[in-house]
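A short write-up of the structure that comes next.
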Amino acid sequence: MYYLGIDLGGTNIAIGLVDEQGQIVHQRSIPTGRERSADLILKDMAMLALKVAEEAGVGLEQITSVGVGSPGAPDVQKGVIIYNNNLGFRNVPVRAELQKYLPLPVYVDNDANCAALAEGLLGAAGGVRHSVTVTLGTGIGGGVIIDHNIYSGFNNAGAELGHMVIAAGGKQCTCGRKGCWEAYASARGLIEAAQAAAKKNPASLLFKMVNGDLNKITAKTPFDAAEAGDAVAAGVVDEYLDYLAVGLGNIINIFQPEVIVLGGGVSKQGESLLRPLNAKVAREVYGQEGVPVAKLKLAVLGNEAGIVGAALLGFPPERRALVSLFGPERE
1 MYYLGIDLGG
11 TNIAIGLVDE
21 QGQIVHQRSI
31 PTGRERSADL
41 ILKDMAMLAL
51 KVAEEAGVGL
61 EQITSVGVGS
71 PGAPDVQKGV
81 IIYNNNLGFR
91 NVPVRAELQK
101 YLPLPVYVDN
111 DANCAALAEG
121 LLGAAGGVRH
131 SVTVTLGTGI
141 GGGVIIDHNI
151 YSGFNNAGAE
161 LGHMVIAAGG
171 KQCTCGRKGC
181 WEAYASARGL
191 IEAAQAAAKK
201 NPASLLFKMV
211 NGDLNKITAK
221 TPFDAAEAGD
231 AVAAGVVDEY
241 LDYLAVGLGN
251 IINIFQPEVI
261 VLGGGVSKQG
271 ESLLRPLNAK
281 VAREVYGQEG
291 VPVAKLKLAV
301 LGNEAGIVGA
311 ALLGFPPERR
321 ALVSLFGPER
331 E
């Protein structure tokens with residue numbers, strides 16, 4: 001049997017046919033066309049799903065379910081997207097609309113949860129029961145996996161990891177509150193800190209690498225400058241890692257996952273990120289010496305995480321546990 005996974009993004013819709021081992025056997029994508037109405041977007045989504053199945057030579061009778069991952073807040077039980085700011089969705093009945101064209105069970109969840117489910121079962125944390133995925137992008141997204149299932153709270157709005165406060169009365173966050181982890185440890189937080197440091201230190205390599213144009217600083221710039229020996233950039237990176245470690249330590253102390261998966265743009269720094277971060281996180285974790293602590297790992301599924309995670313929404317619990325046995329942590 002097969003499962004359809006749909007990653008509904010603000011720019012593109014990506015759809016894949018996934019087998020019982022959680023592997024994509026065929027996929028396609030189209031522009032979302034977000035200026036259009038929800039019913040037209042969903043109709044195109046359904047038509048593309050049918051095309052993906054047809055091109056793979058798979059009939060609807062061979063497909064168990066359809067899963068949809070979308071930014072914003074879903075009502076998981078009703079299959080409704082309550083709101084999606086990128087698409088202007090408000091109380092859109094995704095399940096009911098798709099079932100007009102696809103007579104199959106339809107599951108809907110947040111896209112960050114879907115990515116966490118994919119990384120937790122088949123990606124960097126595959127093989128463990130409990131994991132947390134943290135995405136370090138413009139903001140901080142994430143998802144919590146407990147016993148191979150998404151934890152989202154009673155109102156499906158849980159695991160807003162980026163909005164735990166790590167500094168009471170601290171920096172202003174885009175959510176309207178102050179001191180959120182996201183304000184300090186997201187790519188945006190890192191860039192803002194690097195811009196401020198470069199402005200104060202025009203003789204620094206950090207400043208010279210962008211020829212004084214602070215708008216050209218990316219999340220990669222301070223890492224590159226620090227690697228080249230710039231003390232100003234090294235200070236920016238060190239402080240950034242301190243903030244990142246505080247949040248990761250909080251997550252470990254609360255959930256005690258076996259693995260924390262780091263994704264998003266900042267995670268592309270690889271070992272330059274992980275090496276110093278591991279030592280800093282160890283200082284933030286409560287517990288006695290010798291007690292096992294969560295491993296920090298880099299995400300491995302990339303753009304396919306959304307499709308795979310959406311498809312996994314339809315996997316029964318025993319199937320989720322089984323596919324996780326193929327993960328890298330199975331030893």
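Counted the way the working numbering counts, the sequence shown spans residues 1 to 331. Virtual Cβ for every residue (Gly too), placed ideally from N, Cα, C.
DSSP three-state assignment for residue i, whether helix, strand or coil
{"i": "Q172", "result": "strand"}
{"i": "Y151", "result": "strand"}
{"i": "I41", "result": "helix"}
{"i": "N91", "result": "strand"}
{"i": "R28", "result": "strand"}
{"i": "T11", "result": "coil"}
{"i": "G141", "result": "strand"}
{"i": "K178", "result": "strand"}
{"i": "I166", "result": "coil"}
{"i": "V52", "result": "helix"}
{"i": "P105", "result": "coil"}
{"i": "E331", "result": "The predicted position of E331 is uncertain, since its pLDDT is 45 and thus under 50; a value taken from the coordinates is nonetheless stated next. Residue state, collapsed to three classes: coil."}
{"i": "K100", "result": "coil"}
{"i": "V58", "result": "coil"}
{"i": "A311", "result": "helix"}
{"i": "R275", "result": "helix"}
{"i": "E160", "result": "coil"}
{"i": "V316", "result": "Per the sequence presented here, residue 316 reads as Pro, with Val not at that position. Coil."}
{"i": "A125", "result": "coil"}
{"i": "V323", "result": "helix"}
{"i": "L301", "result": "coil"}
{"i": "G287", "result": "coil"}
{"i": "G22", "result": "coil"}
{"i": "F223", "result": "helix"}
{"i": "G33", "result": "coil"}
Per DSSP, the bridge partner or partners of residue i
{"i": "N85", "result": "Answer is none; N85 lacks a bridge partner."}
{"i": "G16", "result": "G5 and Q27"}
{"i": "L296", "result": "I260"}
{"i": "S70", "result": "N110"}
{"i": "S65", "result": "Y3"}
{"i": "D75", "result": "V80"}
{"i": "S131", "result": "I145 and V259"}
{"i": "L352", "result": "Beyond the ends of the chain as shown, which are 1 and 331, falls residue 352; an answer cannot be given."}
Residue i versus residue j: straight-line alpha-carbon distance, rounded
{"i": "R28", "j": "S267", "result": "26 Å"}
{"i": "V323", "j": "Q21", "result": "6 Å"}
{"i": "L301", "j": "L117", "result": "11 Å"}
{"i": "V18", "j": "Y243", "result": "38 Å"}
{"i": "K332", "j": "A56", "result": "Past the boundaries of the shown model lies residue 332; the chain is included only from 1 to 331, so the question cannot be answered."}
{"i": "L274", "j": "G142", "result": "18 Å"}
{"i": "V165", "j": "G59", "result": "49 Å"}
{"i": "L313", "j": "G123", "result": "15 Å"}
{"i": "I6", "j": "I13", "result": "7 Å"}
{"i": "V76", "j": "P103", "result": "18 Å"}
{"i": "I260", "j": "E304", "result": "19 Å"}
{"i": "L136", "j": "Q23", "result": "25 Å"}
{"i": "R34", "j": "M1", "result": "32 Å"}
{"i": "M47", "j": "L190", "result": "41 Å"}
{"i": "K100", "j": "N110", "result": "22 Å"}
{"i": "S37", "j": "K178", "result": "35 Å"}
{"i": "G270", "j": "E227", "result": "13 Å"}
{"i": "V246", "j": "K200", "result": "26 Å"}
{"i": "P316", "j": "P105", "result": "12 Å"}
{"i": "E331", "j": "G229", "result": "Summary for E331: the model assigns pLDDT 45, below 50, so the residue's position carries little reliability, and this model does not support an answer."}
{"i": "D147", "j": "N278", "result": "25 Å"}
{"i": "Q62", "j": "V144", "result": "31 Å"}
{"i": "G212", "j": "P222", "result": "14 Å"}
{"i": "N250", "j": "Q172", "result": "20 Å"}
{"i": "V308", "j": "L161", "result": "22 Å"}
{"i": "G79", "j": "L241", "result": "38 Å"}
{"i": "A49", "j": "V68", "result": "11 Å"}
{"i": "A84", "j": "G290", "result": "Note that residue 84 is Asn in the sequence shown here, rather than Ala. Those two C-alpha atoms are separated by around 45 Å."}
{"i": "S186", "j": "P292", "result": "27 Å"}
{"i": "E192", "j": "S272", "result": "20 Å"}
{"i": "D238", "j": "G16", "result": "40 Å"}
{"i": "F89", "j": "I81", "result": "7 Å"}
{"i": "I41", "j": "N113", "result": "22 Å"}
{"i": "I252", "j": "K297", "result": "14 Å"}
CB contact flag (residue i, residue j, <9 Å)
{"i": "A299", "j": "L262", "result": "yes"}
{"i": "N343", "j": "A73", "result": "No answer is possible for residue 343: it lies beyond the span of the chain, which begins at 1 and ends at 331."}
{"i": "E182", "j": "G139", "result": "yes"}
{"i": "G235", "j": "A197", "result": "yes"}
{"i": "L87", "j": "T32", "result": "yes"}
{"i": "P257", "j": "H163", "result": "no"}
{"i": "A194", "j": "L205", "result": "no"}
{"i": "R320", "j": "L121", "result": "yes"}
{"i": "S152", "j": "Y107", "result": "no"}
{"i": "G9", "j": "P93", "result": "no"}
Subject >> Every unbroken beta strand (DSSP E) within the region 228-273, with a cutoff of 3 residues, ordered by chain >> reply: 259-263
Original post:
Which runs of the alpha helix (DSSP H), 4 residues or longer, sit entirely within the region 182-218?
Top reply: 187-200 and 205-208
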